[in-house]
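Residues in the sequence shown are numbered from 7 upward in steps of one, following my numbering. We put the beta carbon where it would ideally sit given N, CA and C, even for glycine. Model, not experiment: these values are computed from the prediction. What follows is a short report on a single structure.
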Amino acid sequence: MFWKKKPAEPVKRIENPALIAVFDRSKTLTVNVFPTEIKTPAIAGIMLADIAVHMSKALVAAGLAVSEASALSVIVEIFNAERANPTDVAVGGLVQ
7 MFWKKKPAEP VKRIENPALI AVFDRSKTLT VNVFPTEIKT PAIAGIMLAD
57 IAVHMSKALV AAGLAVSEAS ALSVIVEIFN AERANPTDVA VGGLVQ
């Protein structure tokens, strides 16, 4: 028997992004933030916490961390260390 392949789903356009982060070829991180989608510092805080939880789950799923709890603990520890002593200076500004 031959099975028909399901047609590939079309690539969906990202609508209403709040944050996009990518590494370029030289592994430099570029972050684009869209404050009109985030709206308040409180929402930004919730978003960052949610991203940390999702990242810890993804690291475990990829075999790059032992547990979600330990991954999240390291993420929070490094987040706070980076805030206290930045390894890089964020550059750029609001582009409208």
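Residues near residue i by beta carbon distance below 8 Å, same chain, minus five either side
| i | result |
| --- | --- |
| Val72 | Val66 |
| Ala58 | Leu78, Ile81, Val82, Phe85 |
Same chain, Cβ closer than 6 Å to residue i, neighbours up to 5 away in sequence not counted
| i | result |
| --- | --- |
| Ile44 | Ala24, Ala50 |
| Val37 | Ala27 |
Classification of residue i by the beta-carbon crowding that lies within 10 angstroms, buried from 16 upward
| i | result |
| --- | --- |
| Ile55 | Before going further, note that residue 55 is Ala rather than Ile in the sequence given. By the 10 Å Cβ count, Ala55 comes out exposed. |
| Leu78 | buried |
Selection from the options that minimises the alpha carbon distance to residue i
| i | options | result |
| --- | --- | --- |
| Met61 | Asn22, Thr42, Ile81 | Ile81 |
| Asn22 | Ser32, Pro13, Phe40, Phe29 | Phe40 |
Inter-residue spacing [alpha-carbon to alpha-carbon] between residue i and residue j
| i | j | result |
| --- | --- | --- |
| Thr34 | Lys11 | 38 Å |
| Glu88 | Thr46 | 22 Å |
| Ala75 | Phe29 | 26 Å |
| Pro92 | Ala68 | 28 Å |
| Ile52 | Pro16 | 31 Å |
| Lys63 | Leu70 | 10 Å |
| Lys18 | Ala96 | 30 Å |
| Ala48 | Gly99 | 21 Å |
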